[in-house]
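Trainee: Please find one structure pasted underneath; my questions will follow.
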Amino acid sequence: MPVDRMITLPDVDRIRTRDPNNHLHCRKTQLLAYAGSRSPWTDLLMYGALGSTSAIYRHCYLHGEDRWAFETPYVTDADLRLLGFEVQTAGRVDLARFEAELPEYLAAGQPVFFYAPRHHFPHWVEFMRRAGTLPEEYELLHSYLVCGVSDSGVLLVDNTTDDHEYVPLTVSWDVLREGYASEPARWFTGCATVRQVSGPDRSAFEEAYRDFLSHYRDGFELYDVIADNLVTERASAAAPYRAPSVNSLALLAGSRTLFSRFLAHTRHGERVRSAYARVAQLATVLSDRVSAYQAGLPALPVDRIRRGLAQLKLREQRAARLLAAEAAGLPQLLPVADGVR
Numbered sequence: 045m046p047v048d049r050m051i052t053l054p055d056v057d058r059i060r061t062r063d064p065n066n067h068l069h070c071r072k073t074q075l076l077a078y079a080g081s082r083s084p085w086t087d088l089l090m091y092g093a094l095g096s097t098s099a100i101y102r103h104c105y106l107h108g109e110d111r112w113a114f115e116t117p118y119v120t121d122a123d124l125r126l127l128g129f130e131v132q133t134a135g136r137v138d139l140a141r142f143e144a145e146l147p148e149y150l151a152a153g154q155p156v157f158f159y160a161p162r163h164h165f166p167h168w169v170e171f172m173r174r175a176g177t178l179p180e181e182y183e184l185l186h187s188y189l190v191c192g193v194s195d196s197g198v199l200l201v202d203n204t205t206d207d208h209e210y211v212p213l214t215v216s217w218d219v220l221r222e223g224y225a226s227e228p229a230r231w232f233t234g235c236a237t238v239r240q241v242s243g244p245d246r247s248a249f250e251e252a253y254r255d256f257l258s259h260y261r262d263g264f265e266l267y268d269v270i271a272d273n274l275v276t277e278r279a280s281a282a283a284p285y286r287a288p289s290v291n292s293l294a295l296l297a298g299s300r301t302l303f304s305r306f307l308a309h310t311r312h313g314e315r316v317r318s319a320y321a322r323v324a325q326l327a328t329v330l331s332d333r334v335s336a337y338q339a340g341l342p343a344l345p346v347d348r349i350r351r352g353l354a355q356l357k358l359r360e361q362r363a364a365r366l367l368a369a370e371a372a373g374l375p376q377l378l379p380v381a382d383g384v385r
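Following the numbering used here, the numbering of the sequence shown begins with 45 at its first residue and continues without gaps.
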C-alpha cells in the first residue's frame, strides 16, 4: 500500500503569532509569523509602527473599515527585504498550476500563500459561527499559509483559535477542488512565496528609522474622538467588532505593542522604553474594555473608559517628546550585532 507522504516545511511548530493584539491584515500577520520562525530580528520591522493616528481615524471613522483592512506602514515587502526576506508574487493562478507547483516550493523550503473565500473552509465556518461573524462576511477572502502537501491534502497554519494563535491543520484536496470549482475567479488569488536570502541590513534599518522619526508628528486627537463616540456606537453598531472605537483601539494597541518590542533592539534608554511599555499596556487594557463595552457587558462605566483614554493621550504625548529628544542626541540608534551587516 503506498504511503501518503507529506512534504513539510522545517520547524512548522515555530510559526507563532507575533501580533498578540490581532490587528494586522491576515497576510501581514502570516508573513510576520513565518519570518519570526526563521529570524530573531523580526522586531526591527516595527521601527515605524507608531504610524499616524489620523490615518486610523480616516480608516475607521470616516470610511467605517475594519482593522484588518488597514494598510499598516509596517511589515511591508520593502522592509522584509531589509530583514533578509524576498517575497515573490505570482498573482492569480489556476488550480492545475497550484497543484503542480506547490510541492516544488515546499520542497525548496518556501511557504506558499494564497487567497480564497473563507466559507469554503470548515475550520473557518466553525470559527465564524463561534465568533458571531455577520452572515454577509462569511464569503470574504482570507490569506492561507501552506506549509505542507501530500496526495490527500495540504497542511495549513492558521489562527482561528480563540487566542488567535497559529496551529497546523490538514485540509483535504477535495475542499480546495470543490471550492475552486464553485468560484474559480476568487480562488488562488494573490499567490506568493517568501524565501530568506540574507541577514538583516541594520544600517538600512537605522536610516529608515531616522527618516521615520524626522517625519513623525501626531496630536493624538483620535483618543478624544473615541471617547466622544462610545455611547453612540454602542447603540448603533451592527456588531461589536465593527464599531470604529473597537477597530481603532485594536490598531493603536497593536502598533504600540510592536513598537515597544522594537525599542528593545535600539540604543534608546530606559525612560523611553518604559514610557512606551506603559503606553502599550494601557492601550491594550482599554482595547479590551472598549470591546467589552461595545458588546454590552455590564460593570464597565463609560466615564471610567473615558478617563483611561485621556490618560493614554497624555502618556502618548509625553512618550513622543521623550523619543524625539533622545533620538536627536544619539549618534547611532541601532547597535551593530556581531555577524550582522
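We treat Cβ as the ideally placed atom computed from N, Cα and C, and that holds for glycine.
1) Determine the direct distance from the alpha carbon of Gly92 to that of Tyr188, and round the result to whole angstroms.
2) State the CB to CB distance for the pair Gln338 and Val290, rounded to an integer number of angstroms; the pair is presumed to be in contact (CB under 8 Å).
3) Assuming Ala308 and Leu126 make a contact with CB atoms under 8 Å, what is their CB distance in whole Å?
4) Return the CA-CA distance between Leu200 and Arg174, expressed in angstroms with no decimal places.
5) Enumerate in chain order the residues of its own chain whose CB-to-CB distance from Asp202 is below 6 Å, with the five nearest sequence positions on each side excluded.
6) For Ala283, which residues from the same chain have a beta carbon less than 7 Å from its beta carbon, with the 5 sequence-adjacent residues on both sides left out?
7) Does Pro379 pass the burial test, meaning 16 or more other C-beta atoms within 10 Å, or should it be called exposed?
8) Spatial neighbours of Leu167 within its chain, please: CB distance less than 8 Å, with the 5 preceding and 5 following residues excluded, ordered by chain position.
9) For Gly23, write down the residues that DSSP places opposite it in a beta bridge.
10) Return the CA-CA distance between Ala99 and His67, expressed in angstroms with no decimal places.
11) Taking buried to mean at least 16 other C-beta atoms within 10 Å of its own C-beta, is Asp57 buried or exposed?
12) What are the complete alpha helix (DSSP H) segments, minimum 4 residues, inside the stretch 73-135?
13) Please state if the CB of Ser83 and the CB of Asp55 are separated by a distance shorter than 8 Å.
14) When you compare only the Cα positions, how much space is there between Ala152 and Thr301?
Mentor: With the given structure in hand:
1) Stepping through the sequence shown from its first residue, residue 188 is reached at position 144. Stepping through the sequence shown from its first residue, residue 92 is reached at position 48. Roughly 26 Å between the two C-alpha positions.
2) The residue labelled residue 338 in the question sits at position 294 within the sequence shown. The residue labelled residue 290 in the question sits at position 246 within the sequence shown. Confirmed, about 5 Å.
3) Within the sequence shown, the letter at position 264 stands for residue 308. Within the sequence shown, the letter at position 82 stands for residue 126. That belief does not hold up - the Cβ atoms of Ala308 and Leu126 are roughly 18 Å apart, past 8 Å.
4) Residue 200 sits at position 156 when you count from the first residue of the sequence shown. Residue 174 sits at position 130 when you count from the first residue of the sequence shown. Computed Cα separation, rounded: 20 Å.
5) What you label residue 202 is simply residue 158 of the sequence shown in a count that begins at 1. Closer than 6 Å at Cβ, skipping near neighbours: no residue.
6) The count along the sequence shown starts at 1 and reaches residue 283 at position 239. Closer than 7 Å at the Cβ level, and outside the excluded window around Ala283, lie Gly176, Leu178.
7) Residue 379 sits at position 335 when you count from the first residue of the sequence shown. Pro379 comes out exposed.
8) Here the question's residue 167 lines up with position 123 in the sequence shown. For clarity, residue 167 is His in the given sequence; the question names Leu instead. Counting only Cβ-Cβ distances below 8 Å, and skipping sequence neighbours, we find Asp202, Thr204, Leu213, Val215.
9) Given that the chain is displayed from residue 45 to residue 385, the structure contains no residue 23 and the question cannot be resolved.
10) For this step, residue 99 is matched to residue 55 along the sequence shown. For this step, residue 67 is matched to residue 23 along the sequence shown. About 15 Å.
11) By 1-based counting over the sequence shown, the position of residue 57 is 13. Looking at its Cβ environment, which holds fewer than 16 other Cβ atoms inside 10 Å, Asp57 is exposed.
12) 97-101, 121-127
13) Along the sequence shown, one-based indexing puts residue 55 at 11. Along the sequence shown, one-based indexing puts residue 83 at 39. No.
14) Translated into the one-based positions of the sequence shown, residue 152 becomes position 108. Translated into the one-based positions of the sequence shown, residue 301 becomes position 257. Answer to the nearest angstrom: the Cα atoms are 34 Å apart.
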